[in-house]
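Below you'll find the structure, written out as structure tokens, and then a few comments.
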Amino acid sequence: MLKRAERRAIFDLETGSQEMDTSSQLKVTVNGEAHHFDAPLSVADLLERLAIDLRKVAVEHNLAVVPRSAYGRTMVTDGDQLEIVHFIGGGIGEAANPVIAVKNDDCFELAGRRFTSRLLIGTGKYRDFEETAAAIEASGAEIVTVAVRRVNLSDASSPRLVDYVDPKKYTYLPNTAGCYTAEEAIRTLHLAREAGGWEMVKLEVLGDKKTLYPEMVETLQAAEALVKDDFQVLAYCSDDPIMAKRLEEIGCAAIMPLAAPIGSGLGIQNRVNICLINEQSQVPVLVDAGVGTASDATIAMELGCDGVLMNTAIAEAGDPIRMASAMRLAVKSGRLAYLAGRMTKKRYADPSSPLAGLI
1 MLKRAERRAI FDLETGSQEM DTSSQLKVTV NGEAHHFDAP LSVADLLERL AIDLRKVAVE
61 HNLAVVPRSA YGRTMVTDGD QLEIVHFIGG GIGEAANPVI AVKNDDCFEL AGRRFTSRLL
121 IGTGKYRDFE ETAAAIEASG AEIVTVAVRR VNLSDASSPR LVDYVDPKKY TYLPNTAGCY
181 TAEEAIRTLH LAREAGGWEM VKLEVLGDKK TLYPEMVETL QAAEALVKDD FQVLAYCSDD
241 PIMAKRLEEI GCAAIMPLAA PIGSGLGIQN RVNICLINEQ SQVPVLVDAG VGTASDATIA
301 MELGCDGVLM NTAIAEAGDP IRMASAMRLA VKSGRLAYLA GRMTKKRYAD PSSPLAGLI
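In this note's numbering, the protein residues as written are 1 to 359.
Shown next, in the form of structure tokens:
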């Protein structure tokens, strides 16, 4: 004789009116929350019912990690505990600043001309002209500074810079290196214009031979005279925001505050003043003098400078060609970081990975 339960099961199968057996319900904890599922239930079934792509998650079943290949055969029973995790980028959140599109044509204007390289380099202190030319090529610079000096009459046929660095390919920037008065600087640049027709010039009037700091009274006097004579003056100056503003008001095409004494390699000594000069200037600001290595150039660009001029940092490096390449990348990196906008400095720690969903 059939038991009552067996007769009821046969009847339900025959009539199709079988009622849900609540004993087939499973209560499991998933990520700390209670869920009910019909049995039988594998890990793969559970993921499907939760609409989770099994290819993008990891599952822990009763404190044991389940290999993805075992999802289909790992059965879930009543009271089990599961953790389902996926990987997200640490620190994802709302952007503090609007997204700035970085364009390949991130050019800057200098004295009415457009340049793509923000690195300017000098041509002195190299072992020979071959090394000079190779370093310039590696740096990607488009502007090179040149000094105005007397021709060696005893050997007038000796090689010259123009034989290795083509002035048709590079923009020559005559400078007044070695001048200690406004009169000397003005005279030198008139000779430069006569020799090569250059009107964009770098003005530097030095105060003494030990520090090579700019003599600002003479610099202002020379700048005013040169601007009136239609020169496009890029003025080497102290990192004094007041003096920098005076030069701009005179009509200089660019301001060139020093980072540190010429040839010292000390890097930027007064970041605050460089930032102030950048904020107030309506003309390009180019850090000039004192750069020693690639990180110095990057810092200058991160502070908002439009470019960096250097010579000794490359010419006196152990491998000038390699250092020239490093400086090219450093200037680009610093510029990109400036455009991106650095994070806000904070006093205390701030976790980069979210705490929500922590196991």
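Don't be surprised by glycine CBs; every beta carbon is placed ideally from N, CA and C.
With distances taken from CA atoms, which of the options is nearest residue i?
i: residue 76; options: 59, 43, 249 and 113; result: 43
i: residue 278; options: 49, 248, 359 and 217; result: 248
i: residue 115; options: 171, 79 and 58; result: 171
i: residue 276; options: 176, 304, 290 and 260; result: 304
i: residue 191; options: 230, 149 and 205; result: 149
i: residue 336; options: 72, 306, 45 and 38; result: 306
i: residue 164; options: 132, 244 and 74; result: 132
If the criterion is Cβ atoms closer than 8 Å, does the pair residue i and residue j meet it?
i: residue 315; j: residue 286; result: no
i: residue 57; j: residue 66; result: no
i: residue 317; j: residue 138; result: no
i: residue 288; j: residue 258; result: yes
i: residue 173; j: residue 201; result: yes
i: residue 231; j: residue 189; result: yes
i: residue 145; j: residue 176; result: no
i: residue 301; j: residue 331; result: yes
Under the assumption that residue i contacts residue j (Cβ atoms under 8 Å), give the Cβ distance between them as a whole number of angstroms.
i: residue 312; j: residue 267; result: Contact doesn't hold; Cβ gap of about 12 Å is too wide.
i: residue 334; j: residue 293; result: Not a contact, Cβ separation roughly 13 Å.
i: residue 226; j: residue 246; result: With a Cβ gap of about 14 Å, residue 226 and residue 246 do not count as contacting.
How many Å lie between residue i and residue j at the Cα?
i: residue 349; j: residue 320; result: 41 Å
i: residue 29; j: residue 82; result: 6 Å
i: residue 367; j: residue 187; result: Outside the shown range of the chain (1 to 359) lies residue 367, about which nothing can therefore be said.
i: residue 193; j: residue 322; result: 33 Å
i: residue 24; j: residue 35; result: 14 Å
i: residue 218; j: residue 169; result: 33 Å
i: residue 274; j: residue 207; result: 21 Å
i: residue 342; j: residue 352; result: 15 Å
i: residue 281; j: residue 251; result: 12 Å
i: residue 237; j: residue 357; result: 56 Å
i: residue 26; j: residue 45; result: 13 Å
i: residue 211; j: residue 261; result: 6 Å
For the alpha helix (DSSP H) holding residue i, just list the boundary residues, first then last.
i: residue 172; result: Taken as a continuous stretch (DSSP letters only), residue 172 belongs to no alpha helix (DSSP H), being part of the beta strand (DSSP E) at 171-175.
i: residue 280; result: 271-280
i: residue 307; result: Premise fails: residue 307 lies in the beta strand (DSSP E), 307-310, not in any alpha helix (DSSP H).
i: residue 49; result: 43-49
i: residue 202; result: No alpha helix (DSSP H) contains residue 202, which is instead part of the beta strand (DSSP E) from 200-203.
i: residue 218; result: 216-228
Would you give the residue range spanned by the beta strand (DSSP E) that residue i belongs to?
i: residue 114; result: 113-115
i: residue 106; result: First-last for residue 106: undefined, no H or E at that position.
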